[in-house]
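Visitor: Let me give you the structure first, and then I'll get to my questions.
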Amino acid sequence: VAPHARAASVWLDGIHRPLPSPNVLGIPLDPNSVEKGLLPTEDIERLAGAGLPDSPLADGDLSVGQVVRSCAGDAVFERLVDVLLGGVNAGRADDLSCEVMAPQLLAAARSPEGLLAALRSLHAQADPSAPVFNAHPSGMGHLVDTLVGRLGNRLRLHSPVTGLERNDAGWLVGTTGGVELADAVVLAVPAFVAADLLGPIQAEAAEHLAQVPYASVSLAAFAFQRNDLDVPGDQSGFLVPRDAGLFMTACSYAGSKWAHLGTGDRVLLRVSAGRNDDFRHAGMDDDTLQRALAGDLAVTLGVEAPPDAVRVSRWPRSLPQFAPGHADRMAAIDD
Ligand SMILES: Cc1cc2nc3c(=O)[nH]c(=O)nc-3n(C[C@H](O)[C@H](O)[C@H](O)COP(=O)(O)OP(=O)(O)OC[C@H]3O[C@@H](n4cnc5c(N)ncnc54)[C@H](O)[C@@H]3O)c2cc1C
Numbered sequence: 001v002a003p004h005a006r007a008a009s010v011w012l013d014g015i016h017r018p019l020p021s022p023n024v025l026g027i028p029l030d031p032n033s034v035e036k037g038l039l040p041t042e043d044i045e046r047l048a049g050a051g052l053p054d055s056p057l058a059d060g061d062l063s064v065g066q067v068v069r070s071c072a073g074d075a076v077f078e079r080l081v082d083v084l085l086g087g088v089n090a091g092r093a094d095d096l097s098c099e100v101m102a103p104q105l106l107a108a109a110r111s112p113e114g115l116l117a118a119l120r121s122l123h124a125q126a127d128p129s130a131p132v133f134n135a136h137p138s139g140m141g142h143l144v145d146t147l148v149g150r151l152g153n154r155l156r157l158h159s160p161v162t163g164l165e166r167n168d169a170g171w172l173v174g175t176t177g178g179v180e181l182a183d184a185v186v187l188a189v190p191a192f193v194a195a196d197l198l199g200p201i202q203a204e205a206a207e208h209l210a211q212v213p214y215a216s217v218s219l220a221a222f223a224f225q226r227n228d229l230d231v232p233g234d235q236s237g238f239l240v241p242r243d244a245g246l247f248m249t250a251c252s253y254a255g256s257k258w259a260h261l262g263t264g265d266r267v268l269l270r271v272s273a274g275r276n277d278d279f280r281h282a283g284m285d286d287d288t289l290q291r292a293l294a295g296d297l298a299v300t301l302g303v304e305a306p307p308d309a310v311r312v313s314r315w316p317r318s319l320p321q322f323a324p325g326h327a328d329r330m331a332a333i334d335d
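Residue numbers for the sequence shown follow UniProt numbering, so the first one is 1 and each next one is one higher.
Structure representation (structure tokens):
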């Protein structure tokens, strides 16, 4: 299914400010769509231009911040792009690889026409109704469950790999459930797990992998009575910049974003906490976490009534922070 509501806002200056539309990763493509107060006048005027860099961009990978600050200005980066891209990755877009996280921006910024002009022409050719992502109506876990069912007893569950060893017959894969012999091994695990497994076999590759930092996040799904809280049906939610003084980082209006979750009498929200440099959530038990998030919902959505139900989920070390040069470091491992 494709998202029903696509518009979103940013919690800036203590109010919900709509994300300009159209935008590419937060970069407004039409200066007239920028609501008053969102950006300084000179930055809005700059958006009407080509988006040529302040000075020639260096070769190779750059951070998203270097590219956007240079071509569209600091305010566009800090109040929009970092909130969006840094937000979904629970990191800082000043420290994220543009080549990996936003290759379309790097290519556009390097084009002779300039970042903004190139993005505008790409947008003009794109289908405006095409969704940027899709989901499964039964939840993404349905894909995993189906795959598990199809693989049957070829799959070993609940037996993490603890070590790898190569001998003449192939690979000896040590697991908590015993040793398996394999012709080949594909490591589809987090980088820090791959680093541990590869350490004894390929120390240099392991060292590169161990350097990929990960952010941890915690999420809470809230169900409120519609009498206690209503959210706009045409909005998918809002993002919260790191300097907003709140604990939460984002809120999805799940029932507005996804038509199949829009139950009649309840409003469903998915609220996030945690960034690469904000670990407060990790030290909180579920009750404390949900109280802290409910406090932020009172500030941002004005809901004072208690929720009907809350479900907390933890995602420790789940979001890799790909620093500039990441693709080169991974290519070096392949070599
Ligand atoms: C809260 C949250 C929301 C997200 N939302 C989106 C979204 O809306 N859209 C989107 O595109 N992406 C989203 N992502 C990112 C997305 O989940 C990841 O990009 C994706 O899951 C990465 O897939 P992967 O297979 O590389 O790694 P993973 O999904 O992390 O899979 C790695 C697997 O390795 C297993 N493993 C670990 N150690 C071992 C071991 N020793 N032996 C055997 N197995 C092991 C783990 O159990 C896990 O199943 C989100 C991530 C988070 C945390």
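Don't be surprised by glycine CBs; every beta carbon is placed ideally from N, CA and C.
May I have the straight-line CA-CA distance separating GLN66 from ASP94, to the nearest angstrom?
Guide: Rounded to the nearest angstrom, the two C-alpha atoms are 7 Å apart.
Visitor: Can you give me the C-alpha to C-alpha distance between residue 373 and LEU268, rounded to a whole angstrom?
Guide: What the structure shows of the chain is the stretch from 1 to 335, and residue 373 is not part of that stretch, so it cannot be assessed.
Visitor: How many angstroms separate the CA atom of VAL208 from the CA atom of PHE192?
Guide: As written in the sequence, residue 208 is His, which differs from the Val given in the question. Straight-line Cα distance between these residues: approximately 10 Å.
Visitor: Closer than 7 Å: is that where the CB of ALA210 sits relative to any heavy atom of ligand 1?
Guide: Not so, every heavy atom of ligand 1 lies at least 7 Å from the Cβ.
Visitor: Can you tell me whether SER55 is buried or exposed, with buried defined as 16 or more other CB within 10 angstroms of its CB?
Guide: Classification for SER55: exposed.
Visitor: Verify whether the separation of the beta carbon atoms of SER252 and ARG280 is less than 8 Å.
Guide: Result no, Cβ atoms of SER252 and ARG280 do not sit closer than 8 Å.
Visitor: Can you list the residues near ligand 1, meaning Cβ strictly closer than 5 Å to any non-hydrogen atom, in the order they appear in the chain?
Guide: Here the residues come out as PRO160, VAL161, VAL189, VAL193, TRP315, SER318.
Visitor: Please name the residue in ASP296, ALA221, LEU289, ALA332 whose C-alpha comes closest to that of VAL310.
Guide: Closest option to VAL310, Cα to Cα, is ALA221.
Visitor: Quick check on the DSSP output: the alpha helix (DSSP H) that includes GLN211 runs from which residue to which?
Guide: Where GLN211 is concerned, there is no enclosing alpha helix (DSSP H), given that its DSSP letter is neither H nor E.
Visitor: With respect to the alpha helix (DSSP H) encompassing SER252, which residues constitute its N-terminal and C-terminal limits?
Guide: No alpha helix (DSSP H) holds SER252; the beta strand (DSSP E) holding it covers 248 to 253.
Visitor: Going by other Cβ atoms of all chains shown within 10 Å of its Cβ, with 16 needed for buried, is LYS257 buried or exposed?
Guide: Buried, since its Cβ has 16 or more Cβ neighbours within 10 Å.
Visitor: Does the Cβ-Cβ distance between SER21 and ALA5 come in under 8 Å?
Guide: Cβ distance not < 8 Å, so SER21 and ALA5 don't count as in contact.
Visitor: How far does the beta strand (DSSP E) with ARG275 in it reach, from first residue to last?
Guide: Unbroken run through ARG275: none, as it is neither H nor E.
Visitor: Report all residues from its chain with a CB closer than 6 Å to the CB of LEU187; omit the five preceding and five following residues, and keep chain order.
Guide: Contacts found: ALA194.
Visitor: Taking a contact to mean a Cβ-Cβ separation below 8 Å, would you say LEU198 touches ALA206 in this structure?
Guide: Contact flag set, yes.
Visitor: Taking the alpha carbon of ALA75 as the point to measure from, which residue in LEU12, ASN89, HIS260 has its own alpha carbon closest?
Guide: Here the closest residue by C-alpha is LEU12.
Visitor: Quick check on ASP230: buried or exposed, where buried means 16 or more other Cβ atoms within 10 Å of its Cβ?
Guide: Counting Cβ neighbours within 10 Å, ASP230 comes out exposed, since fewer than 16 surround it.
Visitor: Please list the terminal residues of the continuous beta strand (DSSP E) segment that includes GLY237.
Guide: Per DSSP, GLY237 belongs to the beta strand (DSSP E) from 235 to 239.
Visitor: Judging by CA-CA distance, which residue of GLY170, GLY163, ARG275 is the nearest neighbour of PRO213?
Guide: Considering only alpha carbons, the answer is ARG275.
Visitor: Among residues of its own chain, excluding the 5 on either side of ARG92, which ones have a beta-carbon nearer than 6 Å to its beta-carbon?
Guide: The residues are GLY86.
Visitor: Which one of ASP335, PRO324, ARG329, ALA332 has the shortest CA to CA distance from ALA58?
Guide: Comparing Cα positions, the closest option is PRO324.
Visitor: Are the CB atoms of ASP183 and GLY174 nearer to each other than 8 Å?
Guide: Against a cut-off of 8 Å, the Cβ pair of GLY174 and ASP183 comes out as no contact.
Visitor: Whose C-beta lies closer than 7 Å to the C-beta of LEU25 among residues of the same chain, with five residues either side of it excluded?
Guide: If we look at LEU25 and ignore the five residues flanking it on each side, its Cβ neighbours are VAL81, LEU84, LEU85, ALA102, LEU105.
Visitor: Report buried or exposed for THR263, applying the criterion of at least 16 other Cβ atoms within 10 angstroms of its Cβ.
Guide: Answer is exposed; the Cβ neighbour count stays below 16.
Visitor: Hey, is the stretch 44 to 52 in contact with the stretch 295 to 314, meaning 3+ C-beta pairs nearer than 8 Å?
Guide: No: fewer than three Cβ pairs fall under 8 Å.
Visitor: Tell me, to the nearest whole angstrom, how far the beta carbon of ALA50 is from that of LEU143; I am working on the premise that it is less than 8 Å.
Guide: That pair is no contact at about 42 Å.
Visitor: Residue range of the beta strand (DSSP E) that ARG79 falls in?
Guide: Unbroken run through ARG79: none, as it is neither H nor E.
Visitor: Just checking my contact of LEU52 with GLY114 at CB under 8 Å: how many whole Å lie between their CB atoms?
Guide: So it is a contact: roughly 4 Å between Cβ atoms.
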